[in-house]
Amino acid sequence: MIHKTYPVNGMVCASCAQTVEQAVAKLPGVEKASVNLATEKLSLDYDKDQVDFQTLADTVAKVGYQLEVPLLSQDFTIEGMSCASCAQTVEAAVAKLKGIEQASVNLATEQMQVMYQEGQVNTKDILEAVAESGYQAFVRKDASQARIDQGQKQEQHMDDLWRRFMGSAIFALPLLIVAMGPMLGLPIPSHDYPKLFAGIQLMLTLPVIYFGRSFFSQGFKALFKGHPNMDSLVALGSSAAFIYSIYATLRLWLGGESHFVMQLYYESVGVILTLITLGKYFESRSKGKTSEAIKSLMALAPQQARLIKDKEMTMVDLDQVQLDDIILVKPGEKIPMDGQIIEGSSSVDESMISGESMPVSKKVGDQVIGASLNKQGSFKFKVNRLSQDSTLAQIIHMVEEAQGSKAPIARLADKVSGVFVPIVMVLALLSGLAWYFLGQESLTFALTITISVLVIACPCALGLATPTAIMVGTGKGAENGILIKSGDALENSHKIQVMVLDKTGTITEGKPKVTDILLATGQSEDQVLQLAAAAEAASEHPLGQAIVDQAQAQNLPLAETSDFKAISGQGIQVKVAGRQLYLGNLKLMQAQAIDVKTYQAKANMLASQGKTPMYVADQDKLLGIIAVADQAKASSKAAIAALHDLDIKVIMLTGDNEKTAQAIANQVGVDQVIADVMPDDKASVIKDLQSKDKIVAMVGDGINDAPALAQADVGIAIGSGTDVAMDSADIVLMRSDLMDVPAALELSAATIRNIKENLFWAFAYNVLGIPVAMGLLHLFGGPLLSPMLAGAAMSFSSVSVLLNALRLRNFKIKAKNVYKNV
Ligand SMILES: Nc1ncnc2c1ncn2[C@@H]1O[C@H](COP(=O)(O)OP(=O)(O)OP(=O)(O)O)[C@@H](O)[C@H]1O
Ligand SMILES: [Cu+]
Ligand SMILES: [Mg+2]
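Below, the structure is given as structure tokens:
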């Protein structure tokens, strides 16, 4: 039996989804079929010996929809990339294969995410395509192992770079002193022994070239494959300098032309290679820091669990635990996996997962989350999610996906860096030639220009600008229970004009309680409550739950029911002990033609206090009204004020009646109420707002919010919500504190600002550096950029971009202006 998900085209409503589901479920060999309308995907459990893709596609086509070839997603680790144009090359090499939907390379993590059509292309083709383009790709194994490997590799790489830097520096420093000494007035007899002078420099340069050999091997390889990159520029620049110096040395040695002693460039070669190695070392160090957030999330996961089987307790590794196994947790221990408590109680610190600092009390029946910390109690729980599907694993996966995604703003940078290197090579050559022929300068001068341009123009800072900021920003969010799922979400968040908030569970606690019971007949309060509770026993709705809870609190026994039916947006109908009952709002009463006129004033009274009145009726008359109240969350008012500070209009969206909604709206200060909305219509309300050219965000917690979350420009699921809501959302808030909404927006804004700064710096270096290197200032009597300075500047550009991105780590999630209006 295998599990697969296929995209389906052409579905417009829930009934299309039903049709597809049923058609597929009828096929022999299909165990389970379910369609998610929000994601337009069909999930299947089937026996692959009995069913193939074609059969499935035909079946779906027969009922009028199209099943698409499923997309597989595979991550690869890429080695040998040095700058944005390498990333471009790899992407392009993979993208041109048949059946590739998307290939995106993240230079900072050295990862590539490929989405491809099953059957059209396989991982082997992809590996070959990457090798063909001059780099090495490796299929990423299971995510956590890959991360560990990558961490180790990164450290090795860093150590290696440091060794190479030290090695180069030991020779480059004396080289610099020897070469520059005569100019600085040091007693170096360069003119007395020119041949020896040149020979010593050559001997000191060779080891530096040896330590920097990878620049040449990588750089020329990429150049000959037709995709020059940053290493190619360094290789070309330093080779030009080296070869010219060798030429000058030979003229000295063989021809005795001693004026060539002034035309040695060995020290440029040595210093450029040394400085760029140092730059790469810093780069690799800072890159390591950008993924610290994920590393610390990973470190949260415990390794072992106390498994109880056949009355015996053993410590086992997590991969040996199965669903429904019973695990014991002792005080002060980390909870190893997700599950439900079956015995005992405790309070649990979930701050590492949700950011919620208050310990949460847990009793039998409550869900515990793996990696959270058990405080004083001891309890047993039943595993309901294996560690690879655990909440923590999902969070890590989400953050990784986000970190691998590109913000739309990055596309410009990608485009530029793709054509950058070849353009620079042409510019370098042209400016050298121009100085030589038009400027009547010496060959040495022209060569200096060419080398400087080649060396300063590396676009590596450009390639790092976006991914580093996204990694730090999303990591920072994750540490605080704010999961931003993509670069698009980041970018859209700071443009939001309208924020639509679901009422129940978002603005309010979502834990309604019975407050009033009004009677319409001679029955007692308990009798009405008892009937209503029996009726609601099968309901999943929080309003129904409130009534059941109340009856249970009063120890009222509940009668047998049959023929339960939920009427969406209105209430329920059900037979209690054979008697037909209706429970719900005014719409339901009107639909059943039950006269409630005499009680409407009272119902309105309750509603204007923010309570939700529910009518209880039988076949022909009203029995009473049960009012239920749901408290606004403590922070809702302040959060809405903070949204107002960000110039965002706040709208409350609810299926509840206008009066109740308005009363709550007044308490928390929302600008507009849209009430009496049927669950299916929530998405179209969002669409309406969008059609007025507004950028709309939606915050919701329930399954019925999923389509609206997907429709909104930015969908925000709150309170770790349901999986469906999490899937359709762009941002997931682990806590159910509305205050995290403005916090998420501010973090997004800060990240986007950081990206813009980075792009500015990266562009500025090149835009300012290249003309100076080309000798533009020199034309007007200004300074020239020496090749060595160019090397230093270019290394500094990527390091400064990285340092700027790391500044985001200091971002305060609870910025003070968020609390300004409290
Ligand atoms: N099980 C039920 N028992 C009684 N009344 C119900 C039930 N389900 C729905 N209703 C009535 O229908 C109305 C609309 O329900 P719906 O689920 O669409 O929205 P809601 O939960 O009240 O609000 P929100 O949209 O903010 O979640 C409720 O306010 C209630 O009056
Ligand atoms: Cu570079
Ligand atoms: Mg609801």
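Going by the working numbering, the first residue of the sequence shown is number 148, and it counts up by one from there. For glycine and all other residues, C-beta sits at the position ideal for the given N, C-alpha and C.
Cβ-Cβ separation, residue j to residue i (assumed contact under 8 Å), whole Å
i: M618; j: A255; result: 6 Å
i: N176; j: Q201; result: Inspection of the sequence shows that residue 176 is occupied by Gly rather than by Asn. Rounded, the Cβ-Cβ distance is 14 Å, inconsistent with contact.
i: K758; j: I654; result: Their Cβ separation, rounded to whole angstroms, is 15 Å, which puts K758 and I654 out of contact at 8 Å.
i: K637; j: Q677; result: According to the sequence shown, residue 637 is Leu rather than Lys. 52 Å between Cβ atoms; not a contact.
i: S315; j: L953; result: At roughly 26 Å, the Cβ-Cβ gap does not stay under 8 Å, so S315 and L953 are not in contact.
Residue i CB to nearest heavy atom of ligand 1 below 8 Å
i: N901; result: no
i: M736; result: no
i: S883; result: no
i: L856; result: no
Span separating the alpha-carbon of residue i from that of residue j
i: Q348; j: I596; result: 22 Å
i: K632; j: P614; result: 14 Å
i: Q260; j: A549; result: 12 Å
i: G802; j: L648; result: 12 Å
i: V408; j: Y394; result: 11 Å
i: L892; j: R287; result: 33 Å
i: F592; j: S385; result: 15 Å
i: F943; j: F927; result: 27 Å
i: S361; j: A388; result: 17 Å
i: N804; j: M761; result: 10 Å
i: A185; j: V167; result: Since pLDDT at A185 reaches only 49, below the 50 mark, its modelled position is unreliable, and the value read off the structure follows with that caveat. In a straight line, the C-alpha of A185 is about 14 Å away from that of V167.
i: Q258; j: M228; result: 10 Å
i: V969; j: V820; result: Unreliable positioning characterises V969 in this predicted model, as indicated by a pLDDT of 31, which lies under 50. A coordinate reading is not provided.
i: A172; j: A713; result: 25 Å
i: V723; j: T651; result: 28 Å
i: S492; j: A452; result: 18 Å
i: D513; j: L475; result: 15 Å
i: S534; j: L447; result: 12 Å
i: V832; j: D710; result: 33 Å
i: K477; j: S494; result: 12 Å
i: Q699; j: D673; result: 11 Å
i: G402; j: N913; result: 41 Å
i: R138; j: E683; result: Absent from the model: residue 138. The displayed extent of the chain is 148 to 969, so no value can be given.
i: L690; j: V775; result: 7 Å
i: V965; j: I811; result: Because V965 carries a pLDDT of 40, less than 50, the predicted location of this residue cannot be relied on, and no value is offered for it.
i: W582; j: L924; result: 13 Å
i: H688; j: Q301; result: 51 Å
i: I149; j: T898; result: 40 Å
i: A853; j: I603; result: 50 Å
i: L333; j: Y340; result: 15 Å
i: S782; j: L885; result: 6 Å
Nearest to residue i (by Cα), restricted to the options the options
i: A170; options: M484, Q697, A208 and N156; result: A208
i: V843; options: I863, D828 and E226; result: I863
i: V563; options: T898, G669 and A231; result: A231
i: I795; options: M845, T651 and E904; result: M845
i: P483; options: S498, V530 and E656; result: V530
i: E215; options: T621, K151 and S755; result: K151
i: F344; options: P321, Y212, I603 and S364; result: P321
i: S578; options: P449, L420, V600 and I488; result: V600
i: A937; options: N732, M921 and V948; result: M921
i: V416; options: I356, Q303 and N851; result: I356
i: I542; options: D818, L906 and D874; result: D874
i: A785; options: D823, M305 and D887; result: D887
i: P930; options: I441, S783 and V919; result: V919
i: Q450; options: L380, T424, V507 and G517; result: G517
i: L996; options: H641, V743, D635 and E656; result: Summary: the structure shown does not reach residue 996, with the chain confined to residues 148 through 969, and so no result is reported for it.
i: D205; options: T236, D194, C233 and V155; result: V155
i: L730; options: A679, W400 and E265; result: A679
Chain D within 9 Å of residue i, Cβ atoms only
i: S534; result: Included in the structure is just one protein chain, with no chain D present.
Residues with C-beta closer than 6 Å to any heavy atom of ligand 1, in chain order: Those satisfying the condition are, in chain order, D649, K650, T651, E683, S686, H688, L690, G691, G716, Q717, G718, I719, L730, G731, N732, T759, M761, T801, G802, D803 and P826.
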